[in-house]
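Chemist: All letters in the sequence shown, in the order written, are residues 1 to 444 by the numbering used here.
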Amino acid sequence: MSAPKINMQKNEKQKYKVVFVVRKINDIDHMLPLIWKMKKTNNNVKVVTFGLHKVDNYLTNYMFSELGLSVETPILNNLNKIFRLLILAFDRISNFAQNNNWHLFVKYVEYIANYLNKRIITHEGLKENVYDIIFGRDNIGAIVVDKTDILKNKIYKNVAKQAVVNNIPIVRLQHGIDMRIINTNTIDGSNILVHDYGDNVFDIYYSMIEVYQESLDCYIECCGKKINKNEIKTSILGNMRFSREWVKKYKEIQKFDRIPYPKVDLKKNTILVLMSATHHIYTDKIADLLNAISDRFDINIIYKPHTRHGEVSNKIKKLLNKKVEIIYSYKCTTALIDVSDVVLLCGITSVGIHSIVDLKPIIFAEYTSKYQSYYSKYMNTHTFMSKDKVLNNIEIILNNKTDYAKNTTAIESIKEIINPNNSNNIIQEYYDLVSSIIDDSSVK
1 MSAPKINMQK NEKQKYKVVF VVRKINDIDH MLPLIWKMKK TNNNVKVVTF
51 GLHKVDNYLT NYMFSELGLS VETPILNNLN KIFRLLILAF DRISNFAQNN
101 NWHLFVKYVE YIANYLNKRI ITHEGLKENV YDIIFGRDNI GAIVVDKTDI
151 LKNKIYKNVA KQAVVNNIPI VRLQHGIDMR IINTNTIDGS NILVHDYGDN
201 VFDIYYSMIE VYQESLDCYI ECCGKKINKN EIKTSILGNM RFSREWVKKY
251 KEIQKFDRIP YPKVDLKKNT ILVLMSATHH IYTDKIADLL NAISDRFDIN
301 IIYKPHTRHG EVSNKIKKLL NKKVEIIYSY KCTTALIDVS DVVLLCGITS
351 VGIHSIVDLK PIIFAEYTSK YQSYYSKYMN THTFMSKDKV LNNIEIILNN
401 KTDYAKNTTA IESIKEIINP NNSNNIIQEY YDLVSSIIDD SSVK
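#1: When you compare only the Cα positions, how much space is there between ARG296 and ILE302?
#2: Have a look at GLN162, PHE256, ILE362 and flag the residue whose alpha-carbon is nearest the alpha-carbon of ASN400.
#3: Which parts of the stretch 302-349 are runs of the alpha helix (DSSP H), unbroken and 4 residues or longer, counting only runs that do not cross its ends?
#4: State the start and end residues of the unbroken alpha helix (DSSP H) segment that holds ARG244.
#5: Beta carbon of VAL21, beta carbon of VAL145: below 8 Å?
#6: Per DSSP, what kind of secondary structure is LYS17 in: helix, strand or coil?
#7: Within 8 Å, do at least three Cβ pairs link the stretch 40-49 to the stretch 58-78?
#8: For MET275, write down the residues that DSSP places opposite it in a beta bridge.
#9: Is the distance from the Cβ of ALA287 to the Cβ of LEU320 below 8 Å?
#10: What residues match up with VAL145 in a beta bridge as DSSP calls it?
#11: Check whether the stretch 392-399 and the stretch 329-345 are in contact - that is, three or more C-beta pairs closer than 8 Å.
#12: Taking 8 Å as the threshold, find out whether the stretch 261-271 comes into contact with the stretch 235-244 through three or more Cβ pairs.
#13: Mind checking LEU104: buried by the 16 CB within 10 Å criterion, or exposed?
#14: One question on the structure: do ASP360 and ILE326 come within less than 8 Å of each other, judged by their Cβ atoms?
#15: Among the residues of its own chain, which have a CB less than 6 Å from the CB of TYR250, if the five just before and after it don't count?
#16: If you check the beta carbons only, do LYS315 and THR283 fall under 8 Å apart?
#17: In or out: LEU69 buried (at least 16 other Cβ within 10 Å) or exposed?
#18: Roughly how many angstroms separate the alpha carbons of MET275 and LEU398, rounded to a whole number?
#19: Taking the alpha-carbon of VAL264 as reference, which of PHE256, ASN300, LEU289, GLN254 has the nearest alpha-carbon?
#20: I believe LEU59 touches TYR430 by the beta-carbon criterion, under 8 Å. Please report the beta-carbon distance rounded to the nearest angstrom.
#21: Compute the distance between the beta-carbons of MET63 and LEU32, then report whether it is under 8 Å.
#22: Considering PHE364, what are the terminal residues of the alpha helix (DSSP H) in which it resides?
#23: Compare the Cα-Cα distances from THR368 to each of ASP358, VAL357, LYS377, PHE384 and report the closest residue.
#24: If I measure Cβ to Cβ from ASP29 and keep anything under 7 Å in the same chain, skipping five residues before and after, which residues do I get?
#25: Return the CA-CA distance between ASP56 and LYS39, expressed in angstroms with no decimal places.
Pasting the structure below:
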């Protein structure tokens with residue numbers, strides 16, 4: 001790997017020290033714009049995860065090459081050989097079972113593995129040297145996490161407790177955009193431990209130190225008290241990941257993906273099928289749709305598994321006709337969007353917004369999803385509730401690709417989600433907000 005490219009003067013004093021806490025491999029994408037901005041503007045940046053697996057993909061490759069940063073694994077590094085062997089053994093057993101379609105066995109293996117991982121993380125995460133790695137001897141300006149249960153999960157709870165003691169603010173960024181429309185009357189929206197559904201799917205919360213000082217006892221008593229939403233300072237800035245500037249930068253970022261492009265027939269059009277995890281979709285309807293696409297069009301069909309689960313649905317594969325040819329690819333989604341003529345989204349995954357901002361033709365097969373999505377609210381002209389309408393609109397797009405590329409009304413329709421303030425630079429606004437939080441906290 002080439003030497004990291006960092007644009008900063010060696011003798012220039014660094015501004016802030018900021019620690020980013022990443023949960024899993026697919027959480028980096030929404031944090032990376034701010035990590036990039038913080039590092040490029042001469043700040044001391046550390047990225048850590050409490051997971052038991054290395055976070056390694058094209059995003060981390062880009063982060064290391066361009067910023068000289070890697071995701072540190074303090075808990076994994078502290079494990080003794082027995083724990084390491086147990087984790088490795090369960091990973092290999094699970095992979096073997098999945099490859100052989102031993103579904104019931106996989107279910108039990110994963111249950112045991114998850115229980116073991118949780119116990120190891122809880123046990124190791126309480127060790128003092130783990131927090132030495134995170135906090136070190138330097139004064140930390142802020143800890144940035146995604147919008148996760150930082151108060152409920154024990155390992156995050158201890159980070160919050162340490163933050164209280166050391167007068168460090170915690171900045172909570174939204175993880176992606178939950179595109180489900182949920183009946184808000186059934187959800188207690190008064191607590192931050194509950195996801196915020198409804199129209200404001202772009203809410204961003206940050207917690208100043210006085211919030212945690214008032215509720216310090218809740219950390220000692222296993223978080224018996226929840227922090228009310230009205231005690232959290234709120235700021236709505238839009239979405240960095242799907243901002244115009246970052247979608248454009250993905251052309252550079254995706255070059256760091258080592259997975260090869262799928263082999264397609266260049267004489268044919270290509271459709272990219274994106275879908276949510278199987279518990280969010282009707283697998284039988286998707287299989288039926290794929291069968292119909294194969295029957296009606298002479299086209300390359302690329303199937304991209306959901307990023308977090310990283311597996312092809314065997315339920316769908318079993319329902320496909322034998323003559324249906326599907327190209328299964330683990331290439332990064334943005335690169336697959338580039339090589340496709342039309343994107344078909346089944347479910348609620350927010351990655352469809354990338355296709356919209358990138359002016360790539362997209363169709364939302366809403367009828368295959370178990371939830372109504374915000375795509376149907378903001379992109380109703382591209383959202384369809386039947387197989388026949390999906391097929392007809394695939395044909396329309398394939399016959400009028402150039403017309404779609406000239407149409408920017410799709411971006412305007414989702415502006416409320418990705419750029420509600422009509423900002424010229426969303427990433428800069430995030431940077432300014434975090435900087436102001438650090439400055440405000442340092443004078444207390």
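The beta-carbon is built from N, C-alpha and C at its ideal position, and this holds for glycine as well.
Since the model is a prediction, treat every value here as computed from it, not as a measurement.
Modeler: The answer reads as follows:
#1: Here residue 296 refers to the residue found at position 296 when the sequence shown is read from its first residue. Here residue 302 refers to the residue found at position 302 when the sequence shown is read from its first residue. Cα to Cα, ARG296 sits roughly 16 Å from ILE302.
#2: In the sequence shown, residue 400 corresponds to position 400, counting from 1. The option with the nearest alpha carbon to ASN400 is ILE362.
#3: 314-319, 333-339
#4: To locate residue 244, count along the sequence shown from 1; it is residue 244. For ARG244, the uninterrupted alpha helix (DSSP H) run begins and ends at 244-253, by DSSP.
#5: For this step, residue 21 is matched to residue 21 along the sequence shown. For this step, residue 145 is matched to residue 145 along the sequence shown. In this structure, VAL145 lies closer than 8 Å to VAL21 by Cβ.
#6: Looking up residue 17 in the sequence shown gives position 17. Of the three classes helix, strand and coil, the one that applies to LYS17 here is strand, per DSSP.
#7: yes
#8: Counting from one through the sequence shown, the residue named residue 275 turns up at place 275. MET275 is bridged to CYS346.
#9: Mapped onto the sequence shown, residue 287 falls at position 287. Mapped onto the sequence shown, residue 320 falls at position 320. Yes, Cβ-Cβ distance for ALA287 and LEU320 is below 8 Å.
#10: Locating residue 145 in the sequence shown gives position 145, counting from the first residue. Paired residues: VAL21, ARG172.
#11: The count of Cβ pairs closer than 8 Å, one atom from the stretch 392-399 and one from the stretch 329-345, reaches three, so the stretches are in contact.
#12: no
#13: The residue you call residue 104 lines up with position 104 of the sequence shown. So LEU104 counts as exposed.
#14: Your numbering for residue 360 matches position 360 in the sequence shown. Your numbering for residue 326 matches position 326 in the sequence shown. Reading the sequence as shown, one finds Lys at residue 360 and not Asp. Not closer than 8 Å, so no.
#15: Taking the first residue of the sequence shown as position 1, residue 250 is located at position 250. Counting only Cβ-Cβ distances below 6 Å, and skipping sequence neighbours, we find THR334.
#16: In the sequence shown, counting from the first residue as 1, residue 315 sits at position 315. In the sequence shown, counting from the first residue as 1, residue 283 sits at position 283. Yes, they are a contact pair.
#17: The residue you call residue 69 lines up with position 69 of the sequence shown. Looking at its Cβ environment, which holds 16 or more other Cβ atoms inside 10 Å, LEU69 is buried.
#18: As a first step, residue 275 must be located in the sequence shown, where it is residue number 275. As a first step, residue 398 must be located in the sequence shown, where it is residue number 398. Roughly 21 Å separates the two Cα atoms.
#19: One-based indexing of the sequence shown puts residue 264 at position 264. Residue nearest to VAL264 within the set PHE256, ASN300, LEU289, GLN254 is ASN300 (criterion: CA-CA distance).
#20: For this step, residue 59 is matched to residue 59 along the sequence shown. For this step, residue 430 is matched to residue 430 along the sequence shown. Contact doesn't hold; Cβ gap of about 17 Å is too wide.
#21: In the sequence shown, counting from the first residue as 1, residue 63 sits at position 63. In the sequence shown, counting from the first residue as 1, residue 32 sits at position 32. Yes, these two residues count as a Cβ contact at 8 Å.
#22: Position 364 of the sequence shown, counted from the first residue, corresponds to residue 364. Bounds of any alpha helix (DSSP H) do not take in PHE364; it lies within the beta strand (DSSP E) bounded by 362-365.
#23: As a first step, residue 368 is located in the sequence shown; it is residue number 368 there, counting from the start. Closest by alpha carbon: PHE384.
#24: If you number the sequence shown from 1, residue 29 lands on position 29. Its chain contains LEU59, ARG241 as the residues whose beta carbon lies nearer than 7 Å to that of ASP29, once the 5 sequence neighbours on both sides are disregarded; these appear in chain order.
#25: One-based indexing of the sequence shown puts residue 56 at position 56. One-based indexing of the sequence shown puts residue 39 at position 39. Each residue's Cα considered, the two are about 19 Å apart.
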